[in-house]
Amino acid sequence: MSIPEEWRARSPRMSEVGYRGLRALLQHVDAPRWNHTIGDRVGDAEAAALQTFREACVGSPLESGTRPSDALLARVLEQTRSTFDLARRWPEGLDPRRDWDAVPTCSREDLASRLVDFVPHEAPLADAVLYTTSGTTGHALNVLHHPGAVAKNHAFGERALAEHGLRLDFEPGRPGAVNLCAQRETFVFATCFTVWNQSGFAKLNLPDHAWAGGAASRERFLREFAPQLVTADPLTLAAMSELDVPVRPKAIFSSALMLDPAHAAASAEHFGCPVIDFYGATEIGPIAAKLPGAPGHVVLLPDLYVEALGEDGLPVPDGEVGELTFTGGRNPYLPLVRYRSSDRGALGTCKLADGREARVILHLQGREAVRFRARDGSLVNSVDVGRALRDVGPFVQHEVHQHSDHSVDVRLRPSPSLPVSATDMRRAMERLFGPGVEVRVEIVQTFAHEGKPRSFVSELS
Amino acid sequence: MSDATPSHDLSVERLCRRLGAIPGVFLEATEPGQAPLATHAILYDLVLVQSGEPASEELVSAFTATSAAVESSPKGKKRSASKKSAGAAVAPTQRAFLARLLAWLLMDDAFRGTGRDALEVALEAPMSVLECVAARQFVEDSDRREELVRLTLRNLGLAPADERREDAEDRLSALDSVRRVRLLQEARAAEDARRQRERELAAELARKQAEEQAARYDREY
């Protein structure tokens with residue numbers, strides 16, 4: 001069997017065995033209604049970079065000091081030349097080794113309104129892939145990413161598993177991991193993760209309507225898939241328990257939204273495996289994971305420096321809650337320097353199983369799950385609401401409010417000089433919420449209220 | 001000059017030497033566990049000793065650097081709001097550093113008897129330069145030391161010794177950091193290049209919107 005040309009482009013390193021496994025998933029008699037095609041885009045260079053990063057994740061010191069490492073500082077200094085933002089804002093004579101506190105910070109609003117200042121001006125854009133995100137503040141961010149950097153996220157997952165004493169044994173051509181969703185509408189696809197030993201991967205939507213053969217097909221498909229790893233979000237975890245989906249993986253990852261520890265424990269008991277809560281952001285990448293014995297989310301990466309800043313812009317002492325602020329990461333199109341994420345938490349230091357010191361994020365706030373409802377009572381995930389809006393076209397920031405009568409008010413701040421179609425936005429929301437939900441869309445220059453953003457509010461949550 | 005004030009008192013060269021010889025204790029942050037450098041207390045003492053009057057509450061609160069104070073006291077809130085209008089980008093540690101340099105400079109005998117308000121203007125007015133220049137430069141770089149000395153004399157309405165007022169103005173304007181650095185920064189982030197890159201980026205984003213992404217194993221954030 002030879003691999004078709006379009007699949008070679010999508011997954012350059014996919015083997016014959018890997019492709020056979022993928023075809024078996026795609027052509028399975030109980031397969032869901034596939035509606036998307038996507039590869040891992042990992043070539044030889046990306047695979048080699050992932051390997052180096054894997055080794056760094058295990059061997060290199062973590063960014064656990066009170067100042068960024070010399071390697072990160074060198075990167076920051078380089079950016080005073082390579083990004084318009086720091087070229088313009090870097091104070092003359094500033095030595096970040098001595099006066100890190102004086103390094104200029106940036107915000108989600110900055111990234112949303114003037115992305116050009118943060119993408120290194122010599123970075124070739126042709127290789128980039130695009131993701132979008134709304135995060136905590138409802139700012140619609142376009143995030144260019146490199147497939148090689150996306151592939152490195154696998155190392156983060158492996159590292160979190162290792163800290164839990166787990167190791168996955170993916171086999172070539174055999175189903176490996178699955179990403180489950182519980183949404184009215186989402187991408188549903190199968191692919192091959194060449195970096196996970198050519199194993200099969202599928203993103204699946206749980207509701208019956210996503211399966212040609214309905215619930216019975218879903219049961220049979222998942223039973224046969226027998227994933228070693230399931231990734232989900234808290235709302236999907238709830239749906240998984242409710243449907244008692246027939247999976248018994250070695251681990252479940254939960255991300256995108258805050259996971260209540262009691263919910264995590266209940267799911268862990270139901271599925272008989274650890275449920276690991278991840279904290280990440282599209283513009284930053286994976287950041288931290290809950291580990292056994294650690295009091296919070298542990299930062300497991302050798303190239304991400306975290307601070308918690310107070311109102312006055314100064315770091316708050318360990319244990320005090322501040323705005324989580326990030327430097328580094330591995331996205332070549334968005335190297336972060338003191339990026340104020342709008343998420344809040346306190347910092348502390350803990351020891352990992354291998355004796356290394358790591359930073360731990362305590363009392364993490366932000367990204368609380370907001371439950372919107374369709375007229376029939378089914379869940380509409382806030383992550384998908386943000387996504388549906390961003391798919392229509394660019395805007396700076398949103399507020400979405402569902403009232404107790406099910407009606408939805410959407411307020412959007414437009415990008416400078418780019419028109420936003422209120423009609424198209426309304427249609428996208430009507431598609432997502434389904435029949436019987438009245439949607440009103442208003443384009444506004446400011447939200448005209450102080451304090452916390454109200455990106456998602458539901459009176460039916 | 002044949003004034004009552006001895007001319008060497010306002011010599012730029014002498015004041016620059018004084019600035020350069022600032023004791024290290026004014027410059028370095030203290031180790032954890034040691035009493036922190038209380039910039040507001042240093043400023044309070046300076047104003048009291050030189051003018052004979054206690055410093056204004058505004059000055060003291062503008063240089064009291066604790067995030068807790070900003071969050072809890074209404075005065076602190078007012079401060080953070082006013083700070084936003086005048087250089088929100090400047091870190092409080094940078095302001096405090098420059099304020100301590102100025103305090104050391106203004107503690108010179110030549111400034112004995114200067115009024116409270118004039119001293120406070122001389123302490124606050126230079127802060128906006130920190131948007132362009134790191135505070136340490138005003139002690140480590142000789143041109144910046146001279147700029148700070150000349151700026152301070154001008155802010156106090158004083159002329160440097162043995163210089164005509166217009167010569168002093170010329171020299172200060174030649175040293176003007178804000179103008180000089182802004183020009184440099186603008187050159188580094190040339191508006192034309194930026195606009196071109198912005199167009200390139202917009203076109204690429206539009207194109208990527210229609211393209212396939214790279215598969216991730218987890219839920220989008």
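Just so you know, the protein sequences line up as chains C and P, in that order.
Residue numbers for the first sequence, in this note's numbering: 1 to 461.
Residue numbers for the second sequence, in this note's numbering: 1 to 221.
Glycine is no exception: its CB is placed at the ideal position from the N, C-alpha and C atoms.
Predicted model, so just to flag it, every value in this text is computed and none were measured.
Within chain P, partners of residue i - CB distance below 9 Å
i	result
Val-129/C	Lys-208, Glu-211, Glu-212, Gln-213, Ala-214
Phe-201/C	Ala-215, Tyr-217
Thr-191/C	Ala-215
Pro-147/C	Gln-213, Ala-214
Where residue i meets chain C, residues with beta-carbon distance less than 8 Å
i	result
Glu-200/P	Leu-125
Thr-93/P	Asp-99, Asp-101, Ala-102, Leu-314
Ala-134/P	Pro-91, Glu-92, Gly-93, Leu-94, Asp-95, Asp-99, Ala-102
CB-CB length for residue i against residue j, believed under 8 Å
i	j	result
Thr-136/C	Ser-458/C	With 8 Å as the limit, Thr-136/C and Ser-458/C do not qualify as a contact, their Cβ atoms being about 16 Å apart.
Pro-68/C	Thr-327/C	6 Å
Val-247/C	Val-275/C	That pair is no contact at about 12 Å.
Phe-201/C	Ala-135/P	That belief does not hold up - the Cβ atoms of Phe-201/C and Ala-135/P are roughly 52 Å apart, past 8 Å.
Val-139/P	Leu-102/P	No, Val-139/P and Leu-102/P are not in contact; Cβ-Cβ is about 11 Å, not under 8 Å.
Thr-236/C	Ala-182/C	5 Å
Met-258/C	Arg-367/C	5 Å
Val-299/C	Leu-62/C	7 Å
Cys-273/C	Ala-251/C	5 Å
Asn-197/C	Phe-156/C	Wrong, their Cβ atoms sit about 17 Å apart, outside the cutoff.
Ala-91/P	Ala-102/C	4 Å
Contact list for residue i against chain P, beta-carbon separation under 8 Å
i	result
Phe-278/C	Asp-218
Arg-10/C	Glu-212
Ala-155/C	Chain P residues near Ala-155/C: none, gap ~11 Å exceeds 8 Å.
Pro-227/C	Per Cβ cutoff of 8 Å: no residues; Pro-227/C is ~11 Å from chain P at best.
Endpoints, alpha helix (DSSP H) assigned at residue i
i	result
Phe-395/C	Phe-395/C -> no alpha helix (DSSP H), and no H or E assigned at all.
Val-58/C	44-59
Arg-97/C	From DSSP, Arg-97/C is part of no alpha helix (DSSP H); its letter is neither H nor E.
Val-245/C	No alpha helix (DSSP H) holds Val-245/C; DSSP gives it neither H nor E.
Val-47/P	39-51
Met-14/C	Segment: none, Met-14/C is in no alpha helix (DSSP H) and carries neither H nor E.
Asp-117/P	116-124
Trp-104/P	92-106
Gly-214/C	214-225
Cys-16/P	12-20
Gln-137/P	137-140
Ala-422/C	422-433
Where residue i meets chain C, residues with beta-carbon distance less than 9 Å
i	result
Val-149/P	Result: empty, since nearest Cβ-Cβ is about 17 Å, beyond 9 Å.
Leu-130/P	Pro-91, Ala-102
Val-25/P	Those do not exist, as Val-25/P stays about 16 Å from chain C at its closest Cβ, beyond 9 Å.
Gln-34/P	Going along chain C, no residue has its Cβ under 9 Å from Gln-34/P, so there is no contact; the nearest lies around 15 Å.
Ala-193/P	Phe-84, His-121
Val-181/P	Pro-91, Glu-92
Arg-197/P	Phe-84, Val-116, Val-119, His-121
Limits of the beta strand (DSSP E) - the one that residue i falls within
i	result
Lys-203/C	199-205
Glu-442/C	439-443
Asp-409/C	408-413
Leu-86/C	No beta strand (DSSP E) contains Leu-86/C, which is instead part of the alpha helix (DSSP H) from 84-89.
Val-457/C	456-458
Bridge-paired residues (DSSP) for residue i
i	result
Thr-231/C	Asn-179/C, Phe-253/C
Ala-214/P	Gly-39/C
Ser-107/C	Arg-340/C
Leu-379/C	Arg-373/C
Glu-399/C	Arg-411/C
Chain P contact residues for residue i, given Cβ-Cβ distances below 7 Å
i	result
Asp-233/C	Arg-219
Asn-179/C	Tyr-217, Asp-218, Arg-219
Arg-41/C	Ala-214
Leu-115/C	Leu-201
Val-150/C	Ala-214, Arg-216
Where residue i meets chain C, residues with beta-carbon distance less than 7 Å
i	result
Leu-205/P	Leu-130, Asn-142
Glu-137/P	One point to set straight first is that residue 137/P is Gln, not Glu, in the sequence displayed. Chain C residues near Gln-137/P: Glu-92, Gly-93.
Asp-141/P	Gly-93
Val-49/P	None at all; the shortest Cβ gap to chain C is about 28 Å.
Ala-189/P	Phe-84, Ala-87, Arg-88
Ala-174/P	Going along chain C, no residue has its Cβ under 7 Å from Ala-174/P, so there is no contact; the nearest lies around 16 Å.
Lys-62/P	Rather than Lys, the amino acid found at residue 62/P in this sequence is Ala. In chain order: nothing, as chain C lies at least about 11 Å away.
Ala-38/P	Under the 7 Å cutoff, chain C gives no residues; its nearest Cβ is about 15 Å from Ala-38/P.
Contact test: residue i Cβ vs the ligand GTP heavy atom, cutoff 7 Å
i	result
Leu-229/C	Among the ligands in the structure shown, none appear at all, so the ligand GTP cannot be discussed.
Whole alpha helix (DSSP H) elements within the stretch 119-195 of chain C, 4-residue minimum: 147-163
Entirely enclosed beta strand (DSSP E) segments - the stretch 252-289 of chain C, minimum 3 residues: 275-281
Inside the stretch 293-371 of chain C only - alpha helix (DSSP H) runs reaching at least 4 residues: none
Segments assigned alpha helix (DSSP H), at least 4 residues, entirely inside the stretch 145-197 of chain P: 165-175, 177-188
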